[in-house]
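Working notes, beginning with the structure itself.
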Amino acid sequence: DAGVTQSPTHLIKTRGQQVTLRCSPISGHKSVSWYQQVLGQGPQFIFQYYEKEERGRGNFPDRFSARQFPNYSSELNVNALLLGDSALYLCASRGQGHTSYNSPLHFGNGTRLTVT
Amino acid sequence: GDSVTQMEGPVTLSEEAFLTINCTYTATGYPSLFWYVQYPGEGLQLLLKATKADDKGSNKGFEATYRKETTSFHLEKGSVQVSDSAVYFCALTSTGTASKLTFGTGTRLQVTL
Chain A
74 DAGVTQSPTH LIKTRGQQVT LRCSPISGHK SVSWYQQVLG QGPQFIFQYY
124 EKEERGRGNF PDRFSARQFP NYSSELNVNA LLLGDSALYL CASRGQGHTS
174 YNSPLHFGNG TRLTVT
Chain B
1485 GDSVTQMEGP VTLSEEAFLT INCTYTATGY PSLFWYVQYP GEGLQLLLKA
1535 TKADDKGSNK GFEATYRKET TSFHLEKGSV QVSDSAVYFC ALTSTGTASK
1585 LTFGTGTRLQ VTL
């Protein structure tokens, strides 16, 4: 079975541009979360979506937005890119309800975004 | 708010040495605790978890015990291998926020022959 897949794997953008990152969860998983991992740091929670609705948001500016589609795939959008947005963006999916502790988060390999 | 503090790395050990990576946390309520591992060029993989006080999580020779009295969840392994070289992250979720993991900054482990 395919794991969580993210695209693209690498991306280079210029300050002020906009970027869209894509994520396909494991088949049957309805919950998708996004994390930002700056080099040398632990991942920071950005969003969680479950059944196409936003169920949680981290401490990120409104330049960050996301959505989940009927097939449970998800997109993360970042507008007006800043140099500080350079990071590894991780997507994770979970099989049970959005508050289930028993089902672990499965992470993709991430999209490496570089803003110049 | 929730926070996780890990010992800083890198940690360099010889193969078959004993490993301890310290992790302490601050959280409201009764968090669940996790260790994730990140191999070079890969995403995070769940290594082990514990959901209540005194629980011991274990996997692949790694162990960690949920200590509520000391708010700790230290990772241990009796004999490390070169293949254990990776970055290890301690993390927690608070009650009702199961997908929102709060991570520590990670500890890089390098195991040499």
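Order-wise, the sequence lines are chains A and B. First residue of the first sequence? That's 74 in this note's numbering, and the numbers climb one at a time after it. First residue of the second sequence? That's 1485 in this note's numbering, and the numbers climb one at a time after it. Each residue gets a CB set at the ideal place from its N, CA and C atoms; glycine is no exception.
Burial check for A/H102: the Cβ neighbour count within 10 Å reaches 16 or more, so the residue is buried.
Residues of the same chain with a CB within less than 6 angstroms of the CB of A/R95, apart from the 5 flanking positions on each side, are S80, E148 in chain order. The three-state reading of DSSP puts A/S146 in coil, since its state is none of H, G, I, E or B.
Judged by beta-carbon spacing, B/Y1509 lies within the 8 angstroms limit of B/V1488, meaning their Cβ atoms are closer than that value. Of all C-beta pairs linking the region 83-94 of chain A to the region 122-131 of chain A, fewer than three are shorter than 8 angstroms, placing the two stretches out of contact. Taking B/M1491 as the centre and dropping the five residues before and after it, the same chain places the C-beta of I1505, N1506, T1591 closer than 7 angstroms to its C-beta, in chain order.
In the structure shown, B/G1541 adopts extended strand secondary structure according to DSSP, grouped into three states. A Cβ-Cβ distance of about 5 angstroms is found for the pair A/Y145 and A/P98, placing them in contact under the 8 angstroms criterion. Note on A/L156: under 16 other CB atoms within 10 angstroms of its CB, so exposed under the neighbour-count rule.
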